[in-house]
Amino acid sequence: MENHGIVMFLEQSLDDMKQYMQSTITAYLQLRGRGNSFLPFWDCVVITACDADQALAFRLQLDQKEKAKLVPATKFIVVEDVPPFPGCKIGAGGSTFLVIERLRKLYGTDLERQKILLIHAGGWSQRLPSASILGKLFMPLPIGNFDMDMLDLKLALYMPFIPFMKPGIFLTASDDIELFNLTLPTPSSPHSGFVCLGHPSSLHIGSTHGVYVCDKSSTVGLSSFLGCHRVLQKPTEQEMWNAGAVLRGQSGGADGIPFVISDSAYWFDMEIVGKLERFYQKHGIPEVEVDAYGDFLQPLGDAATQDYIDKGKNAKLSDTRRDLFSCLRDAPVQVLFLPQSLFLHLGTMPEYLHNVLSDKMFRECFDIRNTCMKSSISSDCDISPKAVLEYCNFSAPVKVNDNCFLSGCCAKIGDPVEIPEGTFMHTVVISKDGRRCYATIFCGIGDDIKREVDAKNVVDLMLFNKPLSSYGAFRSMRHEPKLSLWTLKLFKICSTPDLSFYKSLEQINSLRNGMEVGLERDESMISMSDVLALKDVQGMLELRSFLNHTGISGTGIDIVSTGIEAVKPESLIKASVSVKDGLLTLRDFNGAVKMTYPVASRKDVYIFAVGKAALGMFKAVYAHLENFVAGGFVMLPCEQGEMTELNRLKYRLLNVIFSFGGRNNLPDTSSVESTQEAIKFLRTLPSGSCLICCISGGASAILVAPKFPVTLEDKLTIIKQLAQHGAPINELNTVRGCLSDVKFGHLLHHIPIGVQVGSLVLSDIIGDPIELIGGAPTVSRRIESADAVGIMKKYGLWDGIPKNVEMVLLDEHAQAVPAVAPANILIGNNMVALRACRDTAKALGYQPVILSDCLQGFAKDVGADFVRILRTVAALRNGERSDAADQPRLLANVELPNIDWRQPVCFLAGGETTVRVHGTGKGGRNQEMVLAFAIRYSEERKACSGVQGMFVSVGTDGQDGPTDAAGAVVCFPLTPDPRDVERANTALTNNDAYNFFCDANRWGQLVKTGPTGTNVMDLQLLLID
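Numbering (our numbering), first residue to last: 2 to 1026.
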């Protein structure tokens, strides 16, 4: 509204701007997954974060985008702020110094040849709380039909300026964008020093931004480089007139309308980088908040003055400004004036909603069609086109009114509910007392979340644009001396995301109806500020992955997700580990006591954890035994390196060591090195102490010590050959154990006598053979070498093995039983997950049937078996008798009491199938099973007519084979054409299910959860409506 005259003029150029913006986005999309040899692109993209927590969140999301090839193949770096003392804000200027330091360490003298994009993204986004945990830079945007977020848009928008730059740094913020049409040929000689993008703006807009005092453009309505004499920072209108910043005419506005040239992004060359680098080397990080715009740009221009220097908050800021003025005073500066351009800010809820829902230029230039992003919405829902939804899953009927913004919300089942106009709701994942919990924060779109009042005046705070006093609520609340909507404990902690959503909606309706809303007890409520302290970044990413599905697959993913949650370490350890009256007790998942240990006043408990669930198991055990733990050693898959960084920092002072190995479920040299470190740790344990081992699936690839003289390469070759011949996991582990110095209880040889050992085991093997899980490093048992020899002969591999392998397998003395006798305790398995899935399916209105927790065989055969179940149900619904000779073997031993086949049914199974590798493609057993299901369905779709639903198969660890997918999902009915069938069969023959599902969305899609932190084999779900 404040820029109305300028916008009216720019709308005359809307078609040109729209065409330029969309061509720029198209060029960027062509670069995704490719290097900058195809089109000019940044040599490096740097993103700043305000602390280590936020840096971790950014790195995890970047990793997801890079693995999915959703960004160009260039270098991405996250640099976190390191203030000179706790609580000190260093600003984007201070962050820039740290970025330059990091780049110099990375590139050395080669930095002089790089073109760097620097995006300042640090901050907790209090005015747009949906981005507080994962960052504004990763907010999804409804741009056309493309999967894009704010980072994508930033990467795309600044590509046209790369040819205009000398090597240097292009600096921008994370919450604004520029619409423009760059009508300028590439210069033969790029400008030196600073080059700042300039936009026509009203004087009112200029008073809240930086304003350039420039030469008048000699061209009418076209982009041009202008000499800049001075940079004003948030000047008054009179100051703009006095400085000569106000212009008139068609270069930036309609005839007679005064305008100024306001700031946005800018770039500077390597000579300026050198100046800033020398400033940092001399002064270090300033102990004040330095503005990368006002404090870097106000020294520039031949008419620059020092008037602003002493207007800072304190003397330190004034001194820093004075030093920067001296450093940058003689730097050249030009303004690249873009008369056909518009600067837009998206940093607050009102700004974001206005631009996405109402701003004509924004919507036209970015082809905004649908503001419901990455969500699954039932046809029973009524969603206003004037509302924004991201990562929402509404299976139950929900009405969303105008001007609402909902993020991460989930409504699975229940009566119809309505979201009042102007409401913001956002479901967050937190960690509370070692448990994963949920809270849905809320407020009015226009509420001032940061406004503080004295606690005694809390009722004066405005919520939904009304003072709290008008709600008759909060009279009994006692909090901090100063309160704001950011720090007020308003939000209930719940066990599930959908319960959280409904509870918060109840609160909203109670408030609006004038009912009392007080605290039940302090610990049951949290504030927005608390959310940041308790946030579960990995949980947020997992929740988004589960919610980001469309159609019927959303319900199936919900069911599977509850199964995976049930076998997360936090839940299992809570039931298995306890300390009472000085006695440590370990129980199995049925509640039977398996070991006790009298804990002393001194710290004499050690924790050793290995496997895909090792981090969660370690953290959960540590949370229960913190006062007694003397040290620990945690071994994790390489893929969990980023998610472990914060934990490494947290526990490093507590004698806890983290190590990594076994990328893509395969042992490697890092596995061997980490295992040697672990052995050294175990050998130093004092006699009389207690060692708690946490063993989970994936340990076989991480805890690796080939028995001399066998080499890692020998061992990998043998296991690969067995896997390619279809050997099941128990046979693979038998051979692994005989060739290992740590598996099959051999790890116990490295633990001193007198140490009491208890192993908590999470099963990832059919039948829960505790003597095989994770390679059974703590299960003392004699292995007959003949077992391994027999397996090798079974698959015709014995005659070709190396002599050193043959020597070890024939040496009976190599399998001696160790002296230490631990308690090995099963705390969870696949059936625990299946029961949780069953309960959720029943709550959602399906008749659940658990087929088996011991599913095995070839994945493609099992996929075909599930189609036979589907065909049987179709026949029963049609009143037909299916062919008894072709009864599904999966139903052979299953009791089906009181099943009404006309009603929805959910078949559940778990286990671990195998794949016979014939091709060179990419995939995993779950993806192959779903692909085989789709192929068989296409062949028998007539026999399956009249039923619809979906089939999903996922690995509970989040990784299916050497891919970034947990599995795949397919919805039916399918109506494939012959070309689809041919491509599917080719993919199945070539073991290439991953690439097939990447390309063929009509047949299904990959399920990507990221590492889940647990592993109890796989889950299959056949959902029939």
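Glycine included, C-beta positions come from ideal geometry on N, C-alpha and C.
All values reported here derive from a predicted model rather than from experimental measurement.
Item	Value
Whole-Å CB distance - D769 paired with N825, under 8 Å assumed	Incorrect: roughly 11 Å between the Cβ atoms, too far for contact.
Residue nearest to L845 in terms of C-alpha spacing, selected from N466, L704, Q904	Q904
In chain order, each beta strand (DSSP E) run of at least 3 residues that lies wholly inside the region 835–908	848–856
Residues near F502 in its chain [Cβ-Cβ closer than 8 Å; skip 5 each side]	C410, C411, A412, M426, T428, T441
C-beta contact flag for S760 and C694 at 8 Å	yes
Proximity winner among P599, V833, P668, relative to T718 (alpha-carbon distances)	P668
Pick from S385, E240, C438 that is closest to E422, judged by C-alpha positions	S385
Cβ-based burial, Q34 [other Cβ within 10 Å; buried from 16]	The sequence shown places Gly at residue 34, rather than the Gln named in the question. So G34 ends up on the exposed side.
C-alpha gap between P599 and S528, whole angstroms	40 Å
Cα-Cα separation between R890 and L909, rounded to whole angstroms	14 Å
Contained beta strand (DSSP E) runs [length at least 3] in the region 190–269, N- to C-terminal order	195–202, 211–215, 225–234
Separation of F661 from S675, as counted between CA atoms	6 Å
Local conformation of A969 per DSSP, three classes	strand
CB-CB length for C945 against L1024, believed under 8 Å	Not really, about 14 Å apart at Cβ, beyond 8 Å.
Ranges of the beta strand (DSSP E) found wholly within the region 414–441, counting only runs of at least 3	418–420, 424–433
Where the beta strand (DSSP E) containing Q127 begins and where it ends	Unbroken run through Q127: none, as it is neither H nor E.
Run of the alpha helix (DSSP H) containing S96, from where it starts to where it stops	92–108
Contained alpha helix (DSSP H) runs [length at least 4] in the region 691–730, N- to C-terminal order	700–703, 713–725
Cβ-based neighbour list, D270, same chain, cut-off 6 Å, excluding 5 preceding and 5 following	K167, G169, S193
Where I828 sits in the DSSP three-state scheme	strand
Proximal residues to Q949 (C-beta, below 8 Å), its chain only, five neighbours per side dropped	I553, C972, F973, P974, I1025, D1026
Stretch-stretch touch, CB-based, cutoff 8 Å, three pairs: the region 68–78 with the region 125–139	no
Beta-carbon proximity check, Y607 vs G583, cutoff 8 Å	no
Closest residue to F859 among L835, Q928, R839 (Cα-Cα distance)	Q928
Distance between L329 and S319 (C-alpha atoms, nearest Å)	15 Å
Residues bridged to R588 (per DSSP)	V594
Local conformation of N402 per DSSP, three classes	coil
Within-8 Å CB hit, L811 to chain C	Of the protein chains in this structure there is only one, and it is not chain C.
Cβ contact (3+ pairs, closer than 8 Å) linking the region 338–355 and the region 199–210	yes
Exposure label - M808; buried when at least 16 CB within 10 Å	exposed
Per-residue DSSP class, three states only, for A789	helix
C393 beta carbon less than 8 Å from that of L548	yes
Cβ contact check for the region 85–100 and the region 284–303: 3 or more pairs under 8 Å	yes
8 Å contact criterion, which T957 and V568 should meet: CB distance rounded	6 Å
For M644, the three-state DSSP class (helix, strand or coil)	Note that M644 scores 48 on pLDDT, short of 50, meaning its location in the model is unreliable; the coordinates nonetheless yield the value given after this. Three-state DSSP puts M644 in a helix.
Exposure label - G92; buried when at least 16 CB within 10 Å	buried
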